[in-house]
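In the working numbering, each residue carries its 1-based index in the sequence shown increased by 200. For glycine and all other residues, C-beta sits at the position ideal for the given N, C-alpha and C. Read through the structure below, which is laid out as structure tokens, and then see the notes.
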Amino acid sequence: MARKPFIAGNWKMNNTIEQGLALVNALKTAKNKNNADIMVAPSFTAINAVANALKGTGFIVAAQDCYFEEKGAFTSQVSPEQIKEAGATAVILGHSERRALFGDTNEILNKKIAAALRHNLQVIYCVGETLAEREANKIEQVITSQLVEGLKGYSAEDLKTLVIAYEPVWAIGTGKTATPEQAEEVHALIRKVLTNMLGADFANNTRILYGGSVKAENVDFIMAKDNVDGVLVGGQALIAEKFTRIIDYE
Ligand code: PEP
């Protein structure tokens, strides 16, 4: 069955509002010849301006995180309701930088997913192993626990808009891309785990993105794999011509 391609850019802590607007205004010229869902994830401060600039284009605007509480004394945190009000319709949860630098565990992410779903935000849930875990043959164990613990308690219906991003930690921002075969192998594993958890229909309908040093030069080979439904791009999503070429992959 055909899954709609999903091309996402994670801006991380880059771009002022002005720079973000210049970038999305340039991206609007992409042909989108693959009829992909296209997503950009600016910093919280730029969500509103970027969402306004993209109104009516079909682009998805996402936050890079959200907190799991509705409101209250949680200095610096941003709630799903707040990001939604700013104009986001999606949220990236579990990015490896959040897991490694800011202590997001599978248990915390499970609560963040619940909070996002309560507000009808589309969740892009990131999973991936470190180099040490890969070398210790722990890929299956790590990915399985990220999926089972992160998605615990939700039905296929709850998760019908869920997108999974497989991002091997050793490939993020390092210039080292997983080979298309390595990506395909783990994507197939993710689909198997999702089948066991939530059934074959759910697994076959859920889009799985690859992330980790995706570039204009390698996107065509990665997108050619059966179980790769899109890409989550960091560095190259900040450069309009590069991200446009990624959107219009061959
Ligand atoms: C990311 O931030 O999710 C990412 C994959 O970064 P990069 O493309 O720069 O490796």
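- The beta strand (DSSP E) runs of length 3 or more contained entirely in the segment 223-293 are, from start to end of the chain, 237-241, 260-263, 290-293.
- Excluding its 5 nearest sequence neighbours in each direction, I422 has C-beta neighbours in its own chain below 7 Å: P380, A383, Y410, V414, V428, V431, listed in chain order.
- For the ligand PEP, a non-hydrogen atom lies closer than 6 Å to the CB of L432.
- Remark: the shortest separation between the CB of G373 and any heavy atom of the ligand PEP falls under 6 Å.
- Around the CB of R299, 16 or more other CB atoms lie within 10 Å, so the residue is classed as buried.
- Using a 10 angstroms sphere on the CB of S355, the tally of other CB atoms stays under 16, which defines it as exposed.
- Per DSSP, reduced to three states, the secondary structure at L317 is helical.
- With a cutoff of 7 Å on beta-carbon distance, D237 and F206 are scored as near each other.
- The bridge partners DSSP lists for I408 are I364.
- Per the coordinates, the alpha-carbon of G375 lies some 8 Å from the alpha-carbon of G412.
- Contact between A241 and A208 is confirmed by a C-beta separation of about 7 Å, below the 8 Å threshold.
- Proximity of the segment 214-229 to the segment 246-266 meets the contact definition, three or more beta-carbon pairs being nearer than 8 Å.
- By the criterion of a C-beta distance shorter than 8 Å, A273 is surrounded by no residue of its chain, once the five residues flanking it on both sides are discounted.
- In its chain, beyond the 5 residues on either side, T377, A378, G412, S413 have a beta carbon closer than 7 Å to the beta carbon of A371.
- For L432, no alpha helix (DSSP H) run applies; the uninterrupted beta strand (DSSP E) run containing it begins and ends at 430-433, by DSSP.
- Excluding its 5 nearest sequence neighbours in each direction, L438 has C-beta neighbours in its own chain below 8 Å: G209, W211, N214, N215, L223, listed in chain order.
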